[in-house]
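Numbering (my numbering), first residue to last: 16 to 352.
Note that CB positions come from ideal geometry on N, CA and C, so glycine has one too.
All figures in this text were calculated on a predicted structure; none of them were measured in a lab.
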Amino acid sequence: MSNDKNSLLFQMNNVSIAYNTKRGALKAVQNASFSINERESAALIGESGCGKTTLATSIVDALPNAAAITSGEMLYKAADGKTVDLLKLSRGQMRRLLWDDISMVFQASQSSFNPVCKIRTQFVDTVRAHRKGVSNKQIDEMSRALLETVHLDAEKVLDSFPHEISGGMKQRTLIALSLLLDPRLVILDEPTTALDILTQEKILKLLRQLKDDKGFSLLFITHDLSIVSELADKVITMYAGIIVESAPVKEFFSNPKHPYSSGLIHAIPRLTDTDDELFSIPGNPPDLITLRKGCPFAPRCSRCVPQCHEELPPFEQVRADHYCACWNPVSEGVHHG
Ligand SMILES: Nc1ncnc2c1ncn2[C@@H]1O[C@H](COP(=O)(O)OP(=O)(O)OP(=O)(O)O)[C@@H](O)[C@H]1O
Ligand code: SF4
Ligand SMILES: [Mg+2]
């Protein structure tokens with residue numbers, strides 16, 4: 016793997032995904048474009064239901080049957096230097112890339128362990144499905160090494176059933192499992208949600224360390240902007256199925272361009288805030304089945320201009336590696352729109 020942080024690993028271009036529902040097509044993702052470089056860590060943020068999980072699961076070909084990718088490409092630069100469009104691969108070709116090249120820990124995946132199998136079986140099955148001619152002893156060694164890297168008692172965990180270990184241990188085990196075949200892109204959907212603060216801190220520290228040691232790229236979904244500031248190099252903001260901003264982390268916090276990103280930053284509780292002072296973005300996100308023309312954030316946006324109600328703003332470059340979709344972006348130094 017190259018050590019070059021500027022070398023492109025994954026690029027999504029204009030991907031749209033819709034769910035077939037009784038009420039009609041639900042536009043969960045519209046024209047999404049973003050990229051991740053080698054060794055880069057990207058955070059995907061936005062309110063519940065804005066399409067984060069849909070976007071992430073589409074990369075690993077794990078969308079529910081009701082979903083269809085209606086446009087776009089997902090370019091992945093393989094280890095041999097060749098670029099492939101994941102959407103053009105057959106199921107078999109895609110399966111070969113999973114775990115080895117791209118792995119994902121799903122949202123609320125702690126329940127995804129098979130309850131009647133010991134953890135050891137889940138590690139053995141994962142390797143067996145992807146590597147031929149690896150002995151049980153070798154698999155055991157690989158599993159132990161990784162579980163120790165995530166600071167778990169390997170022997171105890173491998174011999175446990177899922178219900179015998181705590182939530183934090185399960186999450187660390189899943190992270191170890193996702194790294195078992197040394198992938199180049201790891202996707203984590205809310206890796207610390209539902210864990211207590213101390214366990215969250217431990218997992219965060221662990222992820223930072225693993226990322227530095229192993230050199231994989233990371234796409235992680237979170238609601239927590241403090242995790243973003245600690246783990247991300249780049250922040251991708253989604254609103255109502257649309258990527259509205261993508262920015263280097265420092266610039267995201269210091270100079271957000273999209274009024275929604277700016278609102279999210281302003282809504283972070285600070286120790287000095289009293290309840291009265293805490294800002295929250297008024298209103299609710301729109302229904303993704305009956306979207307009206309124009310910018311979907313318009314009904315909630317204090318920077319709205321007449322054009323916002325007419326036309327969807329294009330996702331355009333505003334600075335180096337900084338993109339935004341807005342007709343009236345926030346000016347430098349203004350902290351919320
Ligand atoms: N299987 C499905 N069938 C129909 N609609 C779905 C399905 N899964 C998700 N959706 C809808 O797609 C939209 C995006 O959902 P998604 O789960 O991707 O959001 P999210 O940003 O991950 O939310 P959260 O933060 O709550 O996890 C939502 O409106 C959701 O109701
Ligand atoms: S396009 Fe208009 S409504 Fe939408 S975020 Fe920008 S200023 Fe607000
Ligand atoms: Mg989700």
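heavy atom of ligand 3 below 8 Å from residue i C-beta
i	result
T98	no
D239	no
K67	yes
Cβ-heavy atom distance, residue i to ligand 2, below 8 Å
i	result
F25	no
H273	yes
P328	yes
V172	no
A282	no
N343	yes
F231	no
F267	no
Residue i Cβ short of 8 Å to ligand 1 heavy atom set
i	result
L70	yes
T36	yes
L279	no
F63	First, the residue type needs correcting, since residue 63 is Ser and not Phe in the sequence shown. Yes, Cβ of S63 sits closer than 8 Å to a heavy atom of ligand 1.
G87	no
E260	no
Closest residue to residue i among the options (Cα-Cα distance)
i	options	result
C333	I84, L173 and V259	The residue you asked about is not Cys; residue 333 is Val in the sequence shown. Comparing Cα-Cα distances from V333 to each of I84, L173 and V259, the minimum goes to V259.
G64	D302, Q137 and P271	D302
A57	R135, T237 and C339	T237
V131	F330, S241 and D174	D174
S342	G309, L219, R315 and V250	With the sequence shown as reference, residue 342 is identified as Trp, and Ser is not the correct amino acid for it. The candidate whose alpha carbon is nearest that of W342 is G309.
V120	A335, T188 and R111	T188
K147	D115, P314 and H166	D115
D239	K229, V250 and L233	V250
R38	R159, C339 and A81	A81
S31	G61, L23 and I74	I74
G183	L194, D197, V165 and P198	V165
T85	P177, S269, L102 and N270	L102
H273	E347, C339 and I180	C339
K226	K217, L246, S127 and A209	L246
I190	S124, V149, I212 and E179	S124
F235	T72, F176 and Q45	T72
Rounded Cβ spacing between residue i and residue j (contact assumed at less than 8 Å)
i	j	result
L192	T136	That belief does not hold up - the Cβ atoms of L192 and T136 are roughly 12 Å apart, past 8 Å.
A93	L70	Contact doesn't hold; Cβ gap of about 21 Å is too wide.
L200	F231	7 Å
DSSP bridge partner residues for residue i (one or two, in chain order)
i	result
L41	Y34
R318	According to DSSP, which records beta bridges pairwise, R318 is partnered with nothing at all.
C339	E260 and E331
N28	E88
F49	M27
I190	Answer is none; I190 lacks a bridge partner.
L173	None; L173 has no bridge partner.
L353	Outside the displayed span of the chain (16 to 352) sits residue 353, for which this structure offers no information.
Any non-hydrogen atom of ligand 4 closer than 8 Å to residue i Cβ
i	result
M253	Although ligand 4 was asked about, the structure shown includes only ligand 1, ligand 2 and ligand 3 as ligands.
Those runs of the alpha helix (DSSP H) which lie wholly inside the segment 199 to 286 and span at least 4 residues
212 to 229, 240 to 246, 264 to 269 and 274 to 281
At 3 residues or longer, and completely inside the segment 69 to 123: list those beta strand (DSSP E) runs for me, N to C.
82 to 92, 98 to 100 and 117 to 120
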